[in-house]
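Single-structure report; data block below.
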Amino acid sequence: MAEVAIRPGFWARAIARLHHHVPTRERIAANRYLRPVAGRILVPSLWRFNRRSVPRGVALGLFTGILFPFVHAPVAAVSALPVRANVPVAVATTLLHNPLTTLPIYYGAFLIGHWILHFDPYLGRPIATKVSENASWLHWLVAQGGPATIVGLIALSVVAAGLGFVASSLFWRARVGRKWRGRAHRLGPNQAN
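When we follow our numbering, the leftmost residue of the sequence shown carries the number 3, and every step to the right adds one.
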């Protein structure tokens, strides 16, 4: 009887493809552009997953991912150095801001900034009426739309970073607690301590 080759599932293939494209520490060290800072980025403590560096990485990634739209991954990697955050987690968390989420993030930031700055109600008129008048559209963008969006992005990134830090800390604590309870259950009541 001939053996049938079992093809790996979608997620197994996706993870294998991701591992193939994610740079290793050796490739980062050999990169000529990163060579000047490779000694600082490749510090082993910045690549370990522990209860302090992972929440910092999540918070930093969310903050830079929302605040810096196009260069968020390099900014997160460099910013991870002084705050001792996990570099891979910080860079991976910036991927929350992607082409599918850009419009909702900016619209939400505009609404939050509008609420914080208390602009007048005429701001809520449909944008189509503004687009028809080029000069007034530019004036609106500079006078009210831009500042509201910037203030909203700052507020949104700070809140997202705080929530990400708390959520990842709680998740880490629950995961460790579950492991300890499983270990105590396996060892029995007399050997758990």
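Positions of the beta carbon are idealized from the N, C-alpha and C atoms, including for glycine. Only a predicted model underlies this, so the values are computations on that prediction, with no experimental measurement involved.
- DSSP places F173 in the helix class (H, G or I) of the three-state scheme.
- Apart from the 5 residues on each side of it in sequence, I114 sits with its Cβ closer than 7 Å to the Cβ of G154, A157 and L158 in its chain, given in chain order.
- Per DSSP, the unbroken alpha helix (DSSP H) holding Y109 starts and ends at T104 to L119.
- In the DSSP assignment, F51 falls outside any alpha helix (DSSP H), carrying neither H nor E.
- When rounded, the separation of the alpha-carbon atoms in R54 and V91 is 12 Å.
- Residue burial annotation: F65 is buried, with at least 16 other C-beta atoms found within 10 angstroms of its C-beta.
- Exclusion of the five residues before and after V93 leaves A75, A78 and A79 as the residues of its chain whose Cβ lies within less than 6 Å of its Cβ.
- By the CB criterion at 8 Å, V85 and F167 fall outside the cutoff.
- The C-alpha of N100 lies about 48 Å from the C-alpha of G190.
- Taking C-beta separations shorter than 6 Å and ignoring five residues to either side along the sequence, the partners of R42 in its chain run L83, following chain order.
- In the DSSP assignment, P90 falls within the alpha helix (DSSP H) that extends over V89 to T95.
- N88 is a Cβ neighbour of V56, given a cutoff of 8 Å.
- In the same chain as R58, and ignoring 5 residues on each side of it, the C-beta atoms closer than 6 Å to its own belong to V85 and A87, in chain order.
- At the C-beta level, G147 and F112 come within 8 Å of one another.
- A18 and P71 have their C-alpha atoms some 28 Å from each other.
- Look at F167 here: in three-state DSSP terms it is helix.
- By the Cβ-count criterion, L48 is buried, with 16 or more other Cβ atoms from all chains shown falling within 10 Å of its own Cβ.
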